[in-house]
Amino acid sequence: MINLPTSIDKTQALLSRENYVCDRSLATLVYLALTLNRPVFLEGEAGVGKTELAKVVARALGRRLIRLQCYEGLDASTAVYEWNFAAQMLALRAGEDVDLYDDRFLIRRPLLEAMQPDAAGPPVLLIDEIDRTDEPFEAFLLEALSDFQVTIPERGTIVAPEPPIVILTSNRTREVHDALKRRCLYHWVDYPSFTRELEILQARAPEAAQTLSREVVAFVQELRNADLFKNPGVAETIDWAKCLVALDAVALSPEVIADTLGAVLKYQDDIAKIAGSEATRILNSARAELRQRQ
Ligand SMILES: Nc1ncnc2c1ncn2[C@@H]1O[C@H](COP(=O)(O)OP(=O)(O)O)[C@@H](O)[C@H]1O
Ligand SMILES: [Mg+2]
């Protein structure tokens, strides 16, 4: 069993060993969440490392990761458990003398699964993209997170002996209710600074040479000021660098940018806006910015 980190510095180091680069403020949040046993609520644009944080915390602590991917129409019963109706019917037809509410007919969904610790301790429960669900589901979650117990009418109430480590994320396509946020430690995950993003890129795509990595990060940072429909996230920065390495590019040029823009921008309108002279202008200003940093 891996012990929980005993300080903010140790938390930051633990995450960094899993190649997750974060500011002290995020490390503080994770440290407090683990120490005080509070759920974490991460909000931010797509591709800034929210989902990844949950994966990394699970890996770093040797815990199971249980993911509840939210979507429109997700309801409480699908999130907790279901009875395997088909198997129940089969057993009945076969004339078996069975308890229809036996464990073998119970399909454990993420919330029920997360209540069962294993030898390594309680799992990490990732409730991903909560903004895709609706208010009734939020209300249900609020309750589930406050007492970590669920009731299965045929079986009674199941209580988690130790609460899981809970990480909720939202891409903020809508506001999530205050009550749920108040239950959690909240953190807005922003796009990283130039220096931080370069560190992330070096951790995640070490095969990209220093010059190329700096240009990619500077270019993407400039792109985020270009008033696009969808800004590129850190995921796109990493993808782009990997594409460029695969093409043996050692530096950016208007030609290579034109050929690979689809790794960074995912909307045709954005690509049309940036392709051509605008890409050259951004490249020039990215290079000017890099010279300032030297
Ligand atoms: N701080 C970070 N340290 C290391 N990698 C990161 C970081 N932030 C983002 N990434 C990378 O970006 C990818 C996308 O992040 P993800 O967690 O899926 O974004 P989100 O859930 O916020 O949309 C991750 O797989 C990871 O490779
Ligand atoms: Mg995500």
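The sequence shown begins at 0 in numbering that gives the first Met the number 0 and counts up by one.
Note that the Cβ used here is the ideal one computed from N, Cα and C, for glycine as well.
In this text, all values refer to a predicted model and were calculated from it rather than measured experimentally.
| Item | Value |
| --- | --- |
| Please list, in chain order, all residues of the same chain as Arg63 whose beta carbon is under 6 Å from its beta carbon, the five residues on each side excluded. | Pro122 |
| At a threshold of 8 Å, does Asp238 count as lining ligand 2 (C-beta to nearest heavy atom)? | no |
| Using the three-state DSSP reduction, which class does Gln115 fall into: helix, strand or coil? | coil |
| Taking DSSP as the reference, what is the three-state secondary structure of Thr172? | coil |
| Could you name the residues that DSSP lists as bridge partners for Leu185? | Here residue 185 is Tyr; the residue named in the question, Leu, does not match the sequence. BP columns for Tyr185 point to Phe40. |
| Could you spell out the range, first to last residue, of the alpha helix (DSSP H) harbouring Gln87? | 84-92 |
| Note down the Cα distance separating Leu3 from Pro116, rounded to an integer number of angstroms. | 15 Å |
| Go through the segment 4-43 residue by residue and report every complete run of the beta strand (DSSP E) that reaches 3 residues or more, in order. | 39-42 |
| Answer yes or no: the CB of Gly43 versus the heavy atoms of ligand 1, is any distance below 8 Å? | yes |
| First and last residue of the alpha helix (DSSP H) that includes Leu289? | 276-292 |
| Would you kindly check if the distance between the Cβ of Val158 and the Cβ of Asp146 is under 9 Å? | yes |
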